[in-house]
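Participant: Take our numbering: the final residue in the sequence shown is number 207, and no numbers are missing along the way.
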Amino acid sequence: MSIQQNLNSIKSAIPEYVTLVAVSKTKPVSDLMEAYQAGQRIFGENKIQEMVEKHEEMPKDIQWHMIGHVQRNKVKYMASFVSLIHGVENFKTLKEINKQAKKHDRVIDCLLQIKIAAEDSKFGMTENDATEILKSSDFSELKNINVVGVMGMATFTDNQEQIKKEFTQLKSNFNQLKTIYSDLKIISMGMSGDYPLAITCGSNMIRVGSSIFGERNYN
Ligand SMILES: *Cc1c(COP(=O)(O)O)cnc(C)c1O
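1) Quick one: grab the DSSP three-state call for L82.
2) Measure the beta-carbon distance from I85 to I73 and round it to whole angstroms, keeping in mind my assumption that it falls under 8 Å.
3) Any heavy atom of ligand 1 closer than 7 Å to the beta-carbon of M179?
4) With DSSP as the reference, identify every bridge partner of H53, one or two as the case may be.
5) Using alpha carbons as the reference points, say which of T156, S0, M(-11), M139 lies closest to H53.
6) Measuring alpha carbon to alpha carbon, tell me which residue in K(-1), V136, Y24, M193 is nearest A118.
7) Assess contact between the stretch 16 to 24 and the stretch 51 to 65, defined as three or more Cβ pairs (one per stretch) separated by less than 8 Å. Is contact present?
8) Give the straight-line distance between the Cα atoms of S12 and E33, rounded to the nearest whole angstrom.
9) May I ask you to list the residues that DSSP assigns as paired with T7?
10) Taking a contact to mean a Cβ-Cβ separation below 8 Å, would you say C98 touches I133 in this structure?
11) Who does V63 pair with in a DSSP beta bridge?
12) Is the closest heavy atom of ligand 1 to the C-beta of S199 under 7 Å?
13) With distances taken between CB atoms, is the gap from I200 to L(-5) smaller than 8 Å?
14) Using a threshold of 8 Å, state whether the C-beta atoms of I36 and V9 are closer than that.
15) If you draw a straight line from the alpha carbon of F111 to that of G197, how long is it in whole angstroms?
16) As a quick exercise: from N78, V95, E77, F144, pick the residue whose alpha carbon is nearest that of V70.
17) Is it the case that the CB of V70 approaches a heavy atom of ligand 1 more closely than 7 Å?
18) Between K48 and S176, what straight-line distance do the alpha-carbon atoms span, to the nearest angstrom?
19) Check whether the Cβ of M193 lies closer than 7 Å to any heavy atom of ligand 1, and answer yes or no.
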């Protein structure tokens, strides 16, 4: 199946309120252009440098999402154009994004990454950490960022029950956090292997790579 066919079949299978982020990491610009020509305008990358290069080469009406771990010293490279940063793990990173956004006279939308997986390898904060940040006066002083939701990654496993439990946890974290911070509206959860389940559990933004572009080759 072509990239266009893959995109169309995913889009026809998900509800309209769910935003599809096409995860294009490691893929060449020609593949991204195929998706672009099929109407896709939201792309997700997990390395800042790679996203910067693709942003330079591609049409300017694309919304670029940073979905990977955010290295604070690299925020400055994407601050002029990034449209949503999914993987914010602590206050220091928010502060740096705010500082760089200010230089460009922008307000950058961010998601707080919550750790829902059992694996140590996955990044993120607890609901308590997020609560503390959202309630703090230091946070209220950051005028150049908008925290608009949460993001999470389930454990890499075939155990559907476990994945479901983790997604349900993120949805409950979101509901809880929204009671103290009403700006929250996005729940970014679900990838190629688990997005239908994620949507069932309350996701409204899915990050899909291999089901659109095919398997990745990291060599
Ligand atoms: C790579 C990646 C995805 C997409 O993974 P697929 O299984 O190819 O759909 C989604 N989210 C994050 C954070 C990723 O790094």
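Quick reminder that beta carbons are idealized off the backbone N, C-alpha and C, glycines included.
Facilitator: Let me lay it out:
1) helix
2) Separation of the CB atoms of I85 and I73 is rounded to 6 Å, and the pair is thereby assigned contact status at 8 Å.
3) Checking the Cβ of M179 against ligand 1 gives yes.
4) G32, L72
5) M139
6) Answer by Cα proximity: V136.
7) no
8) 6 Å
9) M193
10) yes
11) Bridge partners of V63: none, in fact.
12) S199 has its Cβ nearer than 7 Å to a heavy atom of ligand 1.
13) yes
14) No, the Cβ-Cβ distance between I36 and V9 is not below 8 Å.
15) So the alpha carbons of these two residues sit roughly 19 Å apart.
16) V95
17) no
18) 24 Å
19) no
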